[in-house]
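In the order they appear, the protein sequences are chains A and B.
With the first letter of the first sequence counted as 1, position 161 gets the number 161 in the working numbering; the numbers rise by one all the way through.
With the first letter of the second sequence counted as 1, position 180 gets the number 180 in the working numbering; the numbers rise by one all the way through.
What follows is a short report on a single structure.
There are 2 protein chains.
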Amino acid sequence: MIDNITDKKEIVVGVDIGGTNTVIGIVDLSNNILLENSFKTYPEKGVDNFFERLTIIIKEAYNKLEDKYVLTSIGLAAPGANYIKGTIESSVNLKWGNVNISKMMKKYFDIPVAILNDADAAAVGEYSLGVAQKMKNFIVLTLGTGLGSGIFVDGHLMNGENGLAGELGHIIIEQEGRECTCGRNGCLETYVSAAGIKRSVSYFLSVLNLESELKNISFNELTSKKVSELALNKDPVALKVFNYTGEILGKALANIVTIFNPEAIILFGGLADADELLLNPTTFYFEKNLLNFYKGKVRILKSGLQNGKAAVYGACEFAKESMVKNMINV
Amino acid sequence: MIDNITDKKEIVVGVDIGGTNTVIGIVDLSNNILLENSFKTYPEKGVDNFFERLTIIIKEAYNKLEDKYVLTSIGLAAPGANYIKGTIESSVNLKWGNVNISKMMKKYFDIPVAILNDADAAAVGEYSLGVAQKMKNFIVLTLGTGLGSGIFVDGHLMNGENGLAGELGHIIIEQEGRECTCGRNGCLETYVSAAGIKRSVSYFLSVLNLESELKNISFNELTSKKVSELALNKDPVALKVFNYTGEILGKALANIVTIFNPEAIILFGGLADADELLLNPTTFYFEKNLLNFYKGKVRILKSGLQNGKAAVYGACEFAKESMVKNMINV
Chain A
1 MIDNITDKKE IVVGVDIGGT NTVIGIVDLS NNILLENSFK TYPEKGVDNF
51 FERLTIIIKE AYNKLEDKYV LTSIGLAAPG ANYIKGTIES SVNLKWGNVN
101 ISKMMKKYFD IPVAILNDAD AAAVGEYSLG VAQKMKNFIV LTLGTGLGSG
151 IFVDGHLMNG ENGLAGELGH IIIEQEGREC TCGRNGCLET YVSAAGIKRS
201 VSYFLSVLNL ESELKNISFN ELTSKKVSEL ALNKDPVALK VFNYTGEILG
251 KALANIVTIF NPEAIILFGG LADADELLLN PTTFYFEKNL LNFYKGKVRI
301 LKSGLQNGKA AVYGACEFAK ESMVKNMINV
Chain B
1 MIDNITDKKE IVVGVDIGGT NTVIGIVDLS NNILLENSFK TYPEKGVDNF
51 FERLTIIIKE AYNKLEDKYV LTSIGLAAPG ANYIKGTIES SVNLKWGNVN
101 ISKMMKKYFD IPVAILNDAD AAAVGEYSLG VAQKMKNFIV LTLGTGLGSG
151 IFVDGHLMNG ENGLAGELGH IIIEQEGREC TCGRNGCLET YVSAAGIKRS
201 VSYFLSVLNL ESELKNISFN ELTSKKVSEL ALNKDPVALK VFNYTGEILG
251 KALANIVTIF NPEAIILFGG LADADELLLN PTTFYFEKNL LNFYKGKVRI
301 LKSGLQNGKA AVYGACEFAK ESMVKNMINV
């Protein structure tokens, strides 16, 4: 696959493995997007099944392109991914346990494979192609089933000592708060995430006594998308839920600004797309709780990449960098 | 003063301006300590008075040294200092309002003067001469009248967009909590600091009904040092206060680890020296609240520099760097 590399135009594949959907994108080294595709992840079918399907889809996509291209590296973004080890570790949404993806992919491809956390990938994507271009200090929050984050400090992705920095979803914001998948209580993502929205619906059905369409839907049937539809239709409980979620998120972000002094905070993912339902209360409580110096100075933005593609293009970018490193190492 | 620079050995002065004491140190470019001195800050006498005395003390100290040295730059560490602007801004402990120190010092010295936040200086000092040598990711907390912090990410001091990153003392840990000098409520430093210790004494005198020597001391007479002496003598309220402070600090540090994935956290300043009174409960609640991955892996250390000299030597280090930059700019 890497024959005649000099005659051909180099391309990379980026993959964003989500709990529900997996998205792939193919770009050339100038960030021209050649192809996009997505398919169901079906994590419950197991990790081997997933990687077999992923391989077929990548090879099919690659074969669709003209002969003048050569695939030189693959970037894989996934929740719980560790770029240092090349693994996915105990991702709650994928439920695959500890998986060495790097090794797994080498069965199918003889090119470099770079692994990174999906939220870090989103941050790299916003930096290279989205709203964070030219920014040096910013934070990307991915609001999906859980809450992930990728943080840029002085123009570089913050990794920490073990590649685990920036787990803002697991800041404890409420001692003795909601049980979290991490085994502790009160983590931010138990409130601010698609799953958190559903739990907040249950909470407000317990404390309020209002008419609501939400009383007709079971917890398991409910989706955060449904809650946002109902909120847009002025359902009082659904509105309360979004206001509450925004209050918690806004206060948490005010603390994050005190810690990082960023230029902007970027919201990305399904929940962030929920019209202005989440953004409005978030911005209100954010401004209210900021240190005086920061009031009116730190922007909360939505992702600059359409259809939540930040992580895919971040994975592409990471694949390119990793390819360069690999070539230097040779 | 900078004549014959090539014949003489270059030295720098570091100054740590505290609310109570100001410490100066003179080092050569190989970090050999040539002289140390300290004097009362007396911030209430005003900023002009302070800088006049500081100048005399620096010049006297310099004159005491042999003729073979030449002073090439000065580093000034102070609470609320902004290295980008060269100013001290609204430091609550100094009460000088906004002061352009850089300009002020230029009246007296015709050499580069570098300004930095005292907690950042402590972090630089630990990195260059203390316990954080060779560490890339660590956090220094200065526990004095207030709570400051300096954070290293991937081997570099984190500055943020405006040089204000890392104000961990102003993370809100308790909504509707204690009033803070910043105008908000519930900031970490209203609990974890010398001033916080005194407020916690009042709190426990309100909720507990125990015999305590602390009932004989007014709020204004009380010092955190006195509370630690009483705790060492098993005063039950004083012990409760340190346990409570350590609980709040330990929980906050567990969140900080989730955010930064650091190798270690270093405690520096008067409160940190309070025997193991603070360190023991802090470590206990820290470990209890960490994400599983981190348990037993992140050290909480005390400053590696004697008598709280980290900030002075950090200021020296910063002065050296600033001198180099200055020479490059010329």
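Yeah, the Cβ is synthetic: ideal placement off N, Cα and C, and Gly gets one too.
Small disclaimer: the values here were computed from a predicted structure and weren't measured.
Enumerate in chain order the residues of its own chain whose CB-to-CB distance from residue i is below 7 Å, with the five nearest sequence positions on each side excluded.
{"i": "A/F318", "result": "G75, A114, L116, A121, V124"}
{"i": "B/K8", "result": "K68, Y69, V70"}
{"i": "B/V257", "result": "L290, Y294, V298"}
{"i": "B/F109", "result": "I74"}
{"i": "B/L129", "result": "N31, L305, Y313"}
{"i": "A/T41", "result": "I17, G18, G19, T20, N21, T22, F50"}
{"i": "B/L230", "result": "E213, L214, A238"}
Near residue i, what residues of its chain come up, given a Cβ to Cβ distance below 6 Å and the 5 sequence neighbours on each side ignored?
{"i": "A/D48", "result": "none"}
{"i": "B/K251", "result": "Y285, N289"}
{"i": "A/T283", "result": "I300"}
{"i": "A/G196", "result": "T190"}
{"i": "A/W96", "result": "V47"}
{"i": "A/G314", "result": "A121, A122, V124, G125"}
{"i": "B/L232", "result": "none"}
{"i": "B/S228", "result": "A274, L277"}
{"i": "B/A310", "result": "A122, G125, E126, G130, F268, S303"}
{"i": "A/I58", "result": "V13"}
{"i": "B/I171", "result": "L188"}
{"i": "A/G177", "result": "N185, G186"}
Is the beta carbon of residue i sitting closer than 7 Å to the one on residue j?
{"i": "B/Q175", "j": "B/G186", "result": "yes"}
{"i": "A/V131", "j": "A/G304", "result": "yes"}
{"i": "B/A194", "j": "B/G148", "result": "no"}
{"i": "A/E263", "j": "A/M104", "result": "no"}
{"i": "A/D16", "j": "A/V27", "result": "no"}
{"i": "B/I33", "j": "B/T72", "result": "no"}
{"i": "A/S224", "j": "A/L271", "result": "yes"}
{"i": "A/A165", "j": "B/F260", "result": "yes"}
{"i": "B/G25", "j": "B/E10", "result": "no"}
{"i": "A/I56", "j": "A/I139", "result": "no"}
What is the DSSP secondary structure of residue i, reduced to helix, strand or coil?
{"i": "A/T181", "result": "coil"}
{"i": "B/N216", "result": "helix"}
{"i": "B/N233", "result": "coil"}
{"i": "A/N31", "result": "coil"}
{"i": "A/D48", "result": "helix"}
{"i": "A/A132", "result": "coil"}
{"i": "A/K9", "result": "strand"}
{"i": "B/N93", "result": "coil"}
{"i": "B/V40", "result": "The sequence shown places Lys at residue 40 of chain B, not Val. If DSSP states are grouped into helix, strand and coil, B/K40 belongs with the strands."}
{"i": "A/S149", "result": "strand"}
{"i": "B/V207", "result": "helix"}
{"i": "A/V227", "result": "helix"}
{"i": "B/I74", "result": "strand"}
{"i": "B/V192", "result": "coil"}
{"i": "B/N63", "result": "helix"}
{"i": "B/L239", "result": "helix"}
{"i": "A/Y127", "result": "helix"}
{"i": "B/T142", "result": "strand"}
{"i": "A/D118", "result": "helix"}
{"i": "B/T20", "result": "coil"}
{"i": "B/W168", "result": "As written in the sequence, residue 168 of chain B is Leu, which differs from the Trp given in the question. Residue state, collapsed to three classes: helix."}
{"i": "A/I111", "result": "coil"}
{"i": "A/I26", "result": "strand"}
{"i": "B/L157", "result": "strand"}
{"i": "A/V57", "result": "According to the sequence displayed, residue 57 of chain A carries Ile and not Val. Correct three-state label for A/I57: helix."}
{"i": "B/I173", "result": "coil"}
{"i": "B/I101", "result": "helix"}
{"i": "B/I84", "result": "coil"}
What does a CB cutoff of less than 8 Å around residue i pick up in its chain, not counting 5 residues either side in sequence?
{"i": "B/N329", "result": "Low per-residue confidence applies at B/N329: pLDDT is 35, beneath 50, and the placement is therefore not dependable enough to give any value."}
{"i": "A/E179", "result": "N185, T190"}
{"i": "B/R199", "result": "R178, T190, Y191"}
Taking 6 Å as the cut-off, does the CB of residue i come closer than this to any heavy atom belonging to the ligand ADP?
{"i": "A/L164", "result": "Of ligands this structure carries none, so the ligand ADP is not represented either."}
Quick check on the DSSP output: what are the complete alpha helix (DSSP H) runs of length 4 or more inside the stretch 242-326 of chain B, in order along the chain? 279-289
Touch check for the stretch 155-166 of chain B and the stretch 81-97 of chain B: three-plus C-beta pairs under 8 Å? The stretch 155-166 of chain B vs the stretch 81-97 of chain B: in contact.
Is it a yes or a no for the stretch 135-148 of chain A touching the stretch 232-249 of chain B, going by three-plus beta-carbon pairs under 8 Å? no
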